[in-house]
Amino acid sequence: MTRPRELAPWSDAPAGGRVEESPYDTHHRGERSAATAAERPSPERTPRQRLRRWTSAPAYAGLTGGALTLFAAVELLLVPGSAITAFAVLVCTASLTLRAAHPAVGLLTVGAALLGFATDGNMAYATVAGLLMGCYTLGRHRVQHPAVLVTAGSLAALTVNLVHIDRWARDGSPGLPVLQGTDRFSLGLYAETLVLTVVIMGAVSAGDAVRAREETRRTRAAAQSRLLAMERRQAAQAERAAIARELHDMIAHSVSMIAVRAESATYTTPGLSPPTRDAFQEIAGTARSSMAELRRLLGVLRTGTDAGPALTAPQPSLAALGELLDQHCAVDGSAELRVTGEEIGVPSSWELSAYRIVQEALTNVRRHAPGAHAVVEIDQRPGLLRVRVGDDGPGPPAAPAPEPAGRPGHGLVGMRERAALLGGSLTTGRGPAGGYLVEAELPW
8 MTRPRELAPW SDAPAGGRVE ESPYDTHHRG ERSAATAAER PSPERTPRQR LRRWTSAPAY
68 AGLTGGALTL FAAVELLLVP GSAITAFAVL VCTASLTLRA AHPAVGLLTV GAALLGFATD
128 GNMAYATVAG LLMGCYTLGR HRVQHPAVLV TAGSLAALTV NLVHIDRWAR DGSPGLPVLQ
188 GTDRFSLGLY AETLVLTVVI MGAVSAGDAV RAREETRRTR AAAQSRLLAM ERRQAAQAER
248 AAIARELHDM IAHSVSMIAV RAESATYTTP GLSPPTRDAF QEIAGTARSS MAELRRLLGV
308 LRTGTDAGPA LTAPQPSLAA LGELLDQHCA VDGSAELRVT GEEIGVPSSW ELSAYRIVQE
368 ALTNVRRHAP GAHAVVEIDQ RPGLLRVRVG DDGPGPPAAP APEPAGRPGH GLVGMRERAA
428 LLGGSLTTGR GPAGGYLVEA ELPW
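Here the sequence shown stands for residues 8 to 451, numbered as in the working numbering.
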């Protein structure tokens, strides 16, 4: 038989269901993911990430704009042009140094490039690069809607084309016949408009696509951050509920023994002086007050108002049941332990849950049936651990009495949650021969 995975003993679980993963597993899964991520090479070490970080640096725009301006000056020295052309080319390239801080300067860049082209009739290499970078900047920062930018660019390209057509009609152009009247409306003369429109559309679309991808990445990162925060809150709530159960199981048992022992001493010990009797009563009262404070603390932990540091204690097992019954007998009543079935190894989580169920059941016996005889039965079988705790007391009342502190008790809730955690079941109620019976079946 394959042994199932042991769950964390303090994992929270909905009643009646098996838990696939506990907060302990979630915590260590996060550690494993972090370790795996640490083993993988950092994305920032890849050439693509380095290039992205470099292009997003504040100095990138100034360096590239300055380099392109220097290239334009060299090109103008090698291929001289008119003063208007030189002015347009230098403005086109120099304005790119401001595109990071002022993206709208791309309008000036594109306008200067088209002005230089309209004046000279030939676009310099620096002007082509400036036109592309200016259109990309406008789309990347979405100075206007891409459709508006492309439409405005197309109209500007058409204007430049019309200027060229008018120049060809007046001065003539190599390779073109002398334009006459209706020749100006020939579609072949408007190829410049088509080419410039395609170039502007491509550069603007590329910038807008990069912007959309960046926004999608930021949105995904924000969603992942919110999801991680929600998982952490849920894990914290589960841990608070687990701490509340452990506090109730460990402390309520001992404090109730103190209260019952101190109060019973005033009646069972003969010859007590009045001051001694009062001291015992004061001890019992203090213990009851501590139980009320503990109940309020458990309410805080369950509602998530605040949570202090987690308490740690040795985790008991079935071998400690004899000690637990001795403590019960020393305080009030009597109890016996019956162990049946095979002596097989039981997972530690199952042993802890069985111990806690017995501990809570005995606490309820002392609280609701003082002096009753309790019988604890442990039946171990392959794949199943059965726990029965019964007593010969008056049994459950017809109508449950209200809790002293005004809050529902957590004892039965904790027992049911522990059983549900392991895929088992818990039944409580009147026993076959009277009294109160708690029976849990914990498969494994």
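A virtual CB, placed ideally from N, CA and C, is assigned to each residue, including glycine.
Please read these numbers as outputs of a predicted model, since none were measured by experiment.
In this structure the segment 392-401 touches the segment 440-451; the number of beta carbon pairs closer than 8 Å is three or more. Taking all protein chains shown into account, residue 240 has fewer than 16 neighbouring C-beta atoms within 10 Å of its C-beta and is therefore exposed.
Rounded to whole angstroms, the Cβ separation of residue 264 and residue 338 is 5 Å, and the two are in contact under 8 Å. Take the alpha-carbon of residue 120 and the one of residue 172: they are about 18 Å apart. By the criterion of at least three beta-carbon pairs nearer than 8 Å, the segment 125-142 is not in contact with the segment 51-65.
In summary, residue 207 is buried, with 16 or more beta-carbon neighbours lying within 10 Å of its beta-carbon over all protein chains present. Around the Cβ of residue 371, a 10 Å sphere holds 16 or more other Cβ atoms; the residue is buried. Note that the C-beta distance between residue 200 and residue 168 is below 8 Å. Residue 397 sits in a strand when the DSSP states are folded into three classes.
Contact between the segment 363-380 and the segment 431-446 is established, with three or more Cβ pairs separated by less than 8 Å.
With a cutoff of 8 Å on beta-carbon distance, residue 224 and residue 149 are scored as not near each other. For residue 139, the closest of 154, 72 and 176 by C-alpha to C-alpha distance is 72.
Between residue 365 and the set 330, 351, 354 and 353, the nearest pair of CA atoms involves 330. Distance from the CA atom of residue 389 to the CA atom of residue 345, rounded to whole angstroms, is 18 Å.
The alpha-carbon separation between residue 220 and residue 153 amounts to approximately 15 Å.
Per DSSP, residue 151 is not a residue of any alpha helix (DSSP H), being assigned neither H nor E.
Within the DSSP secondary-structure output, residue 443 pairs in a beta bridge with 437.
In this structure, the straight-line span from the alpha carbon of residue 96 to that of residue 176 is close to 26 Å.
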